[in-house]
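Residue numbers (the numbering used here): 119 to 453.
We put the CB at the ideal spot given by N, CA and C, even for glycine.
Data block below; observations after.
Okay, structure coming up:
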């Protein structure tokens, strides 16, 4: 799920062609040059949050795709829907009886989703369309499309083993996927808020006029945030400390240093729990002839890693809260 709710870049790509743009004035020999339209600057995502696939492949391609889409009427939400359709197409490809060709096609389509999943957020920033609702739509597209993927994989697995066991394993793996994804997304977004000041759904959803407080989206957003708070409750204390330090740059920088010290080393865990390895493991599992290996990886290996990650992130949050409290006491003593 690409992060939409970041500082937007000036709107660009209204359809004008970039170039020297010479303008000849009638009746004169003078040639005026229109100012060259500058390209928007690619947003630099925090390097520590990116694994090699994101840094060297997915995000550069996402940016180039977003630049081209900015010249069209296509909206970020349309891109989010298209990304979800790519995952559905990957599921269909995996279900075909083409052997290795089907597995490779499914893997290529699934990896392409990663590019599109980054492009919707980049397009939103380029065109000034960032919003909490867009972030939520992006997340819904990701979750729904992967539910379809799991349902298709379940039908493939049910033809290879006892159907009840196949559907049971698929259901457990799918629920595990939801919890794992929530944990990874929330930890990443919390880190970006604490260290870089990037707000996300937890902060915008509380506003009375928030778009995510309407209709079915409100229910989904509330469930998402409730799961996030249940997994890492101590993170709310760090949020409160960052908000309280908003008018004190020196204190805010000290809090950010504390977060980098305690949470920075844990980012590697999130990379293993994130979506990039999943797509590759699924492709390898299908090349081996069955989705069962992927579901076992999801249900056993990643759940063990999830438990470890939740434990160490909560422990780190407690240490951060204690260090921040010590800052407050030091400040009171200095006063």
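Inclusion of residue 230 and residue 204 in the CB contact set at 8 Å is warranted, their separation being smaller than that value.
Annotated as distal: residue 425 and residue 412, with beta-carbon spacing of 8 Å or more. For residue 328, no alpha helix (DSSP H) run applies, since DSSP gives it neither H nor E. When DSSP states are grouped into helix, strand and coil, residue 244 belongs to the helix group. Scanning 343, 162, 321, 283 for the CA closest to the CA of residue 243 turns up 162.
When the beta-carbon positions are compared, residue 430 and residue 384 come within less than 8 Å of each other. Residue 365 carries a coil assignment under DSSP once its states are collapsed to helix, strand and coil. A distance below 6 Å between beta-carbons, with the five flanking residues on each side excluded, links residue 213 to the following residues of its chain, in chain order: 270, 274. The criterion of a C-beta distance shorter than 8 Å is not satisfied by residue 444 and residue 380. Going by beta carbons, residue 370 and residue 363 fall inside the 8 Å limit. In this structure residue 341 is exposed. Its beta-carbon is surrounded by fewer than 16 other beta-carbon atoms within 10 angstroms. Exclusion of the five residues before and after residue 236 leaves 120, 176, 177, 180 as the residues of its chain whose Cβ lies within less than 7 Å of its Cβ. In this structure, the beta-carbon distance from residue 349 to residue 295 does not fall below 8 Å.
Proximity of the stretch 245 to 257 to the stretch 313 to 333 meets the contact definition, three or more beta-carbon pairs being nearer than 8 Å.
The beta carbon of residue 171 lies closer than 8 Å to those of 232, 394 in the same chain, with the five residues before and after it left out. Here the stretch 257 to 270 lies against the stretch 191 to 210, with 3 or more beta-carbon pairs under 8 Å apart. Taking C-alpha positions only, residue 220 is separated from residue 397 by approximately 14 Å. Between residue 377 and residue 312 the beta-carbon gap is near 4 Å, inside 8 Å, which marks them as a contact. Runs of the alpha helix (DSSP H) lying entirely within the stretch 163 to 232 and spanning at least 4 residues, in chain order: 177 to 187, 194 to 212. Burial is judged here by how many other beta carbons sit within 10 angstroms of a residue's own beta carbon; residue 184 has at least 16 and is buried.
Residue 447 counts as exposed, since fewer than 16 other C-beta atoms from the protein chains shown sit within 10 angstroms of its C-beta.
Here residue 287 is near residue 417, since their CB atoms are less than 8 Å apart. In the three-state reduction of the DSSP assignment, residue 411 falls in the helix class.
In the three-state DSSP reduction, residue 404 falls in the helix class (H, G or I).
Distance from the CA of residue 415 to the CA of residue 405, rounded to the nearest whole angstrom, comes to 15 Å.
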